[in-house]
Amino acid sequence: MSQNYHIVCLSGTREKLQMAAMFASVAAATGDQVTVFFSMNALPFFIKDSQQVPAVEGQFGELMESEAGVPPFKQLFKSAAELGDAKLLPCSMALDLLQIDGDALDPELGPPTGLTRFLNDAEGGQLLTF
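Residue numbers are given in my numbering: position 91 of the sequence shown equals residue 109, and the series is strictly consecutive.
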């Protein structure tokens with residue numbers, strides 16, 4: 019029986035973005051339903067051609083940056099969407115605050131979504147926050 023996961027991704031740190039991406043990609047690849055809601059400090063990393071680098075919190079963040087073989091979080095989120103049909107949704111309020119529209123985001127992201135809609139859709143599923 020598949021699970022239904024709803025991930026709120028709001029941190030701008032390497033470790034949290036990486037863990038959220040690993041969780042989303044593994045869950046989606048194993049047939050679970052996955053929706054990721056990007057808001058606040060996580061959203062700017064998904065603007066097309068963004069060169070921003072997430073802050074590192076500690077040793078694991080440093081190791082992930084320096085070690086070969088650790089897929090970048092954006093690649094993992096993209097794989098979750100392509101291979102597992104995960105939904106990657108930007109927060110409409112965060113887009114308004116940043117004064118950008120949905121066309122400025124990476125193509126893997128779906129339509130801007132409000133928190134109320136996301137929470138209604140998440141009812142009955144597992145809710146995780148990174």
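Every residue gets a Cβ at the ideal spot worked out from N, C-alpha and C, and that includes glycine. None of these values were measured; they are calculated from a predicted model.
The distance from the Cβ of H24 to that of L145 is about 5 Å, consistent with a contact at the 8 Å cut-off. I25 has V54 and L146 as its beta-bridge partners, per DSSP. Nearest to T131 by C-alpha distance, out of F56, M19 and P89, is F56. The residues H24 and K105, in chain order, have a CB closer than 6 Å to that of T53 in the same chain once the five nearest residues on each side in sequence are set aside. L115 and G49 have their C-alpha atoms roughly 34 Å apart. In the structure shown, the three-state DSSP call for A98 is helix. DSSP places L35 inside the alpha helix (DSSP H), whose first and last residues are R32 to A47.
As the crow flies, the alpha-carbon of C27 is around 25 Å from that of M19.
The DSSP-derived three-state label of K105 is strand. In the DSSP assignment, I65 forms a beta bridge with L123.
The beta carbon of K96 is closer than 6 Å to those of E126 in its chain, skipping five residues each way along the sequence. Under DSSP, the beta-bridge partners assigned to A73 are T31.
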